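First residue of the sequence shown? That's 893 in our numbering, and the numbers climb one at a time after it. Heads up, the thing below is written out as structure tokens.
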Amino acid sequence: MAIDTATDTATNRLETAVRNFQHVNQMVERYTRLCRAYVSLSERFHQLDVEHMTLKEQVVPLLKAFKAQQARLKTAEAENTQLQSLLSQQEAHLQSALDQQEALHRQELQQLTTTYEEKLQTLSSHVAELQPLEQLLSDDTHQELSAAEAQMELVETTLQEIADDSSPDLSGEEKTLLAAYRADPAAFLVAAADAPVGADVSTEEPVASLWHYYYDEHMPDGFEQ
């Protein structure tokens, strides 16, 4: 009995030791797996850290470029806003100048229209005043004018003949006596009074009668008094 009891006790202890060993073995395996997982995680973390640094080195220039582009964009937007404002001001100024120029052109056009209307009215008045003179352009007027010119030429010719010889119907002796009388009427009358009785003393015909004779013979019709 004692042997069986000892055997059982040893068996129980062995079984307990085996169970404890199995438990320790399980704990070792678990710690081993945990260490392996930690090492794997550490490697992965290191790889991620390397990738992060690499990505950071790549992203930082991109971020700087992005910020620079963003600053340029803001500057461009500000310049665009300023240009839009300047363009609006220039458009307003140009529109104002165009309006003023258009108003000035309208005023000048109105003044020119008024001036031309006044000149046209004046010209119409002059034309109306000259309308009665249109009859001077008729054939009858031309004929009358031609006849008057012919008569004036005849009168001028007659006057020239009278100036050249005022007594065309007198003889040479009569013209001599008339010239002596005109030169000194008193001496001519004294000489006539002192002439011997029976002498042939010609009596001078009055100049007026000679003029009327010449005038009546040579003046054209229409100029008689």
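Just so it is clear, CB atoms sit at the ideal spot from N, CA and C, and this is done for glycine as well. Only a predicted model underlies this, so the values are computations on that prediction, with no experimental measurement involved.
Let me know if residue i comes out buried or exposed under the rule of 16 or more other beta-carbons within 10 Å of its beta-carbon.
i	result
L1069	buried
T908	exposed
Do you know how far the Cα of residue j is from the Cα of residue i?
i	j	result
S980	V951	42 Å
A1072	F1080	7 Å
T1014	Q999	22 Å
A971	A995	The identity of residue 971 in the sequence shown is Glu, whereas the question assumes Ala. Approximately 35 Å between the Cα atoms of the pair.
Q1035	L1051	24 Å
A918	D900	For clarity, residue 918 is Gln in the given sequence; the question names Ala instead. For Q918 and D900, the distance between alpha carbons rounds to 26 Å.
K966	T973	10 Å
N912	A929	25 Å
A1020	E1026	11 Å
V1047	L1062	22 Å
V916	S934	26 Å
L906	S932	38 Å
F937	Y923	20 Å
L940	A960	29 Å
E1045	S1038	11 Å
L1022	T1007	22 Å
V920	M945	36 Å
Q987	L1029	59 Å
E983	Q993	15 Å
T897	C927	44 Å
Beta-carbon of residue i versus every beta-carbon of chain B: anything under 9 Å?
i	result
A1042	Of the protein chains in this structure there is only one, and it is not chain B.
Hey, would you say the C-beta of residue i is under 8 Å away from at least one heavy atom of the ligand SAH?
i	result
Y930	With respect to the ligand SAH, the structure shown offers nothing to examine, as it has no ligands at all.
Query raised in the report: Which ranges would you report for the alpha helix (DSSP H) in the segment 964-1001 if only whole runs of at least 4 residues count?
Result: none
**Report entry** Unbroken stretches of the alpha helix (DSSP H), 4 residues or longer, contained in the segment 1017-1093
**Finding:** 1031-1056, 1064-1075, 1077-1086
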